[in-house]
Amino acid sequence: PHQGLGYKTPVEKFEEYIKKLQGVHHVLNENKR
């Protein structure tokens with residue numbers, strides 16, 4: 001049960017957090033080459 005458009009479940013927040021971490025990690029790896 002979503003409480004409005006801005007509401008995210010803890011799982012969704014966690015997945016978003018992981019994607020951000022992976023994105024930053026990817027950028028750092030690209031810069032090392």
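Using full-length UniProt numbering, you'd call the opening residue of the sequence shown number 1 and step up by one each time.
Ideal Cβ placement from N, Cα and C applies to all residues, glycine included.
Inter-residue Cα distance where the pair is residue i and residue j
i: residue 38; j: glutamate 16; result: The chain is shown from 1 up to 33; residue 38 falls before or after that span and cannot be answered.
i: glutamine 22; j: leucine 28; result: 10 angstroms
i: histidine 26; j: threonine 9; result: 26 angstroms
i: phenylalanine 14; j: asparagine 31; result: 26 angstroms
i: arginine 33; j: isoleucine 18; result: 23 angstroms
i: glutamate 12; j: lysine 20; result: 12 angstroms
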